[in-house]
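Remarks on the structure that follows.
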Amino acid sequence: MGSIVTIAKNSLAGTEQPSTVRAPEIEKGVGCDFDSYLLVPDTTLDERIAAAKTKLGKDVVILGHHYQRDEVVKFADFRGDSLKLSQQAAQADGEYIVFCGVHFMAESADILRRDQQIVVLPDLNAGCSMADMADIGQVEACWSELGTVVDIRKTVPVTYMNSTAAIKSFTGENGGAVCTSSNAAAVVKWAFARGEKILFLPDEHLGRNTGYRMGIPLDEMVVWDPFRELGGNTAEALRRAKIILWKGYCSVHQRFTPEHVARVRKEYPGIRVIVHPECRFEVAQAADEIGSTEGILKAIQAAPAGSEWAVGTEIHLVNRMGKELKDRKVISLDPSVCVCTTMFRITPQHLLWALENLGAGKIVNQISVDERTRHFAKAALDRMLELG
Ligand code: 13P
Ligand code: SF4
């Protein structure tokens, strides 16, 4: 299995600053120092970002995930969930794709980009803790161990978009596909048309919520703990299982509890509860609706004026809907703030730094997946995109 080579590490815990993590071609550049951008007065940031974007014109396309802070996402040419942004990345015309999201999203854009296009992540420390929970070595070990107790040729890997390029490549090489929170059911259906069993990576909750809604009983879904023999299962349980769920989760979404649902229902009788499928099974069951970030936004946009919503997802999207959809009440399901701290790392200063350097012909924070990884990861992404 080829290893993924990105110009800088995918680092949640990383302590390196973007200005010191550079590809060789970047090091040739002068004046790319990020630290000096920390001193740019807030009052001039918007104007400079707009000017840098105008200077680049059609050469740049800025993609912004729904969880980005307002000060950044307002400059995005396209906003969306992971699926929508991956489709935009595949169609983008600009020479530079500046991805205001997290590392796995920028990697996916690099896999789907056209020749000569360059993908930039404004802060390389914008990782995803869930994606980091499935290490390629662990997944390969799981695959071989599984092969000792089940017919691996009839097992199809499905990986959530929130995974590293190496995991997407593993999935593609072994006949599987990527899914996102908005098309997981379609991809799981596709996979069951090709095999008898699915290894679902790396989000246990998305896999379980999807499988259950498709009619798979809970006792036919088992969890694979990479730190235990046979993932902590008996051979018999693995043979019986329809879906083997990797033991991974999102720390932001796992915070929501059924008690939160009960509390909002008591406090606001008649309120609708909508949650992201990364939430625990018990929370998804207690909710009225489940949706990807784009799905949540569309559901509330389509709801009648005066309707009330408690939303189980990241706080920036919840607050933005509250501000933009003024005639509906939109609150967070959890009264304590649920922030994706890595997404939050991308500041207007990072965006400005990236754009001004591109305008000066200097590429900073390029995300570059090696060719072998890209080849199979693209196969897995294309299988998903072909499903529409
Ligand atoms: P969406 O695909 O719904 O945008 O979700 C991405 C994500 O990271 C949610 O935590
Ligand atoms: Fe990853 Fe969770 Fe942040 Fe989504 S919200 S990017 S899954 S850490």
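In this note's numbering, each number is its position in the sequence shown, counted from 1, plus 350.
For each residue, glycine too, the CB sits at the ideal point set by N, CA and C.
Task: Length of the line joining the Cα atoms of D465 and S436 - done: Along the sequence shown, one-based indexing puts residue 465 at 115. Along the sequence shown, one-based indexing puts residue 436 at 86. So the alpha carbons of these two residues sit roughly 16 Å apart.
- [ ] Let me know the alpha helix (DSSP H) ranges lying completely inside the stretch 372 to 452, each 4 residues or longer, listed in chain order.
- [x] 374 to 377, 392 to 406, 420 to 423 and 432 to 441
Open item on the list: Can you find the residues in the same chain that come closer than 6 Å, C-beta to C-beta, to H725, ignoring five residues on each side of it along the sequence?
Closed with: Start at 1 with the first residue of the sequence shown, and residue 725 comes out as number 375. Closer than 6 Å at Cβ, skipping near neighbours: no residue.
Task: Q651 versus E554: straight-line alpha-carbon distance, rounded - done: Locating residue 651 in the sequence shown gives position 301, counting from the first residue. Locating residue 554 in the sequence shown gives position 204, counting from the first residue. Near 29 Å, if we compare the C-alpha coordinates of E554 and Q651.
- [ ] Would you tell me roughly how many angstroms separate the C-alpha atoms of T691 and P698, rounded to the nearest one?
- [x] Numbered from its first residue, the sequence shown carries residue 691 at position 341. Numbered from its first residue, the sequence shown carries residue 698 at position 348. Roughly 15 Å separates the two Cα atoms.
- [ ] Whole angstroms is fine: what's the gap from G407's alpha carbon to E445's?
- [x] Along the sequence shown, one-based indexing puts residue 407 at 57. Along the sequence shown, one-based indexing puts residue 445 at 95. When rounded, the distance between both Cα atoms is 10 Å.
Open item on the list: Using 8 Å as the threshold, is the C-beta distance between A727 and S479 below it?
Closed with: The sequence position of residue 727 within the sequence shown is 377, counting from 1. The sequence position of residue 479 within the sequence shown is 129, counting from 1. The answer is no: Cβ separation not under 8 Å.
Task: Span separating the alpha-carbon of A729 from that of K648 - done: For this step, residue 729 is matched to residue 379 along the sequence shown. For this step, residue 648 is matched to residue 298 along the sequence shown. The straight-line gap from Cα to Cα measures roughly 29 Å.
- [ ] Report yes if the CB atom of A636 is closer than 8 Å to the CB atom of V611, and no otherwise.
- [x] As a first step, residue 636 is located in the sequence shown; it is residue number 286 there, counting from the start. As a first step, residue 611 is located in the sequence shown; it is residue number 261 there, counting from the start. Yes. Within cutoff.
- [ ] Buried or exposed for T498, please, with buried defined as at least 16 other CB atoms from any protein chain shown within 10 angstroms of its CB.
- [x] For the purposes of this step, residue 498 is identified with residue 148 of the sequence shown, where counting begins at 1. Exposed.
TODO: Determine the burial state of G738: buried for a count of at least 16 other Cβ atoms within 10 Å of its Cβ, exposed for fewer.
DONE: The residue labelled residue 738 in the question sits at position 388 within the sequence shown. By the 10 Å Cβ count, G738 comes out exposed.
Open item on the list: For a test of the three-state rule: what should DSSP assign to I566, helix, strand or coil?
Closed with: Numbered from its first residue, the sequence shown carries residue 566 at position 216. Looking at I566 - three-state DSSP - the assignment turns out to be coil, as it is neither helix nor strand.
Open item on the list: Just list the residues that DSSP pairs T509 with in beta bridges.
Closed with: Residue numbering aside, residue 509 sits at position 159 when the sequence shown is read from its first letter. Its beta-bridge partners are V528 and L551.
- [ ] Select from S386, C629 and G582 the residue whose C-alpha is nearest the C-alpha of G557.
- [x] Taking the sequence shown and counting its residues from 1, the one referred to as residue 557 is at position 207. Nearest C-alpha to G557: C629.
Task: C-alpha gap between P472 and T584, whole angstroms - done: One-based indexing of the sequence shown puts residue 472 at position 122. One-based indexing of the sequence shown puts residue 584 at position 234. In a straight line, the C-alpha of P472 is about 45 Å away from that of T584.
Open item on the list: Tell me which residues pass a beta-carbon proximity test against the ligand SF4: closer than 7 Å to any heavy atom, given in chain order.
Closed with: Y417, V452, C478, S479, M480, A481, N512, C600, S601, V602, H603, E628, E664, C690, T692 and M693
TODO: Leaving aside the five residues before and after M483 along the sequence, list all residues of the same chain whose C-beta is less than 7 Å from its C-beta, in chain order.
DONE: Residue 483 sits at position 133 when you count from the first residue of the sequence shown. P552 and G598, listed in sequence order.
Task: Identified DSSP bridge partners for W540 - done: By one-based count along the sequence shown, residue 540 stands at place 190. DSSP, once it has assigned bridges, lists no residue as partnering W540.
- [ ] Could you tell me the distance, in whole angstroms, from the CA atom of M734 to the CA atom of P608?
- [x] Within the sequence shown, residue 734 is the residue found at index 384, counting from 1. Within the sequence shown, residue 608 is the residue found at index 258, counting from 1. Spanning the two alpha carbons is a distance of roughly 32 Å.
Task: D431 and H416 closer than 8 Å at C-beta - done: For the purposes of this step, residue 431 is identified with residue 81 of the sequence shown, where counting begins at 1. For the purposes of this step, residue 416 is identified with residue 66 of the sequence shown, where counting begins at 1. Contact: yes.
Task: Outcome for G561 when other beta-carbon atoms lying within 10 angstroms are tallied against a minimum of 16 - done: The count along the sequence shown starts at 1 and reaches residue 561 at position 211. G561 should be labelled buried.
- [ ] Could you tell me if A655 is buried or exposed, where buried requires 16 or more neighbouring beta carbons within 10 angstroms of its beta carbon?
- [x] Translated into the one-based positions of the sequence shown, residue 655 becomes position 305. Result: exposed.
Open item on the list: So, at 8 Å on beta carbons, what are the nonlocal neighbours of A653 in its own chain, with the 5 sequence-adjacent residues on each side left out?
Closed with: On the sequence shown, residue 653 is found 303 positions in, with the first residue counted as 1. So the qualifying residues of the chain are R622, W659 and R678.
TODO: Using beta-carbon positions only, say whether I717 and V528 come within less than 8 Å of one another.
DONE: The residue you call residue 717 lines up with position 367 of the sequence shown. The residue you call residue 528 lines up with position 178 of the sequence shown. Contact: no.
TODO: Report yes if the CB atom of V688 is closer than 8 Å to the CB atom of R589, and no otherwise.
DONE: On the sequence shown, residue 688 is found 338 positions in, with the first residue counted as 1. On the sequence shown, residue 589 is found 239 positions in, with the first residue counted as 1. It is Cys, not Val, that sits at residue 688 in the sequence shown. No, they are not a contact pair.
- [ ] May I ask you to check if the CB of S432 is nearer than 7 Å to at least one heavy atom of the ligand 13P?
- [x] Position 82 of the sequence shown, counting from 1, holds the residue named residue 432. Yes.
Task: Exposure label - Q418; buried when at least 16 CB within 10 Å - done: The count along the sequence shown starts at 1 and reaches residue 418 at position 68. Looking at its Cβ environment, which holds 16 or more other Cβ atoms inside 10 Å, Q418 is buried.
Open item on the list: If we require 4 or more residues per run, which alpha helix (DSSP H) segments fall completely within the stretch 568 to 629?
Closed with: 585 to 590 and 608 to 617
Task: Chain-order list of residues whose beta-carbon lies under 7 Å from that of S532 (same chain, five-residue window excluded) - done: Translated into the one-based positions of the sequence shown, residue 532 becomes position 182. These residues qualify, in order along the chain: D431, L433, S642, E644 and G645.
Task: Cβ-based neighbour list, E706, same chain, cut-off 6 Å, excluding 5 preceding and 5 following - done: Taking the sequence shown and counting its residues from 1, the one referred to as residue 706 is at position 356. So the qualifying residues of the chain are A402.
Open item on the list: Between S682 and the ligand MG, is there a pair consisting of the residue's CB and a ligand heavy atom that are separated by less than 7 Å?
Closed with: The ligand MG is absent from the structure shown, which contains only the ligand 13P and the ligand SF4.
Open item on the list: One question on the structure: do G526 and V506 come within less than 8 Å of each other, judged by their Cβ atoms?
Closed with: The residue you call residue 526 lines up with position 176 of the sequence shown. The residue you call residue 506 lines up with position 156 of the sequence shown. Yes. Within cutoff.
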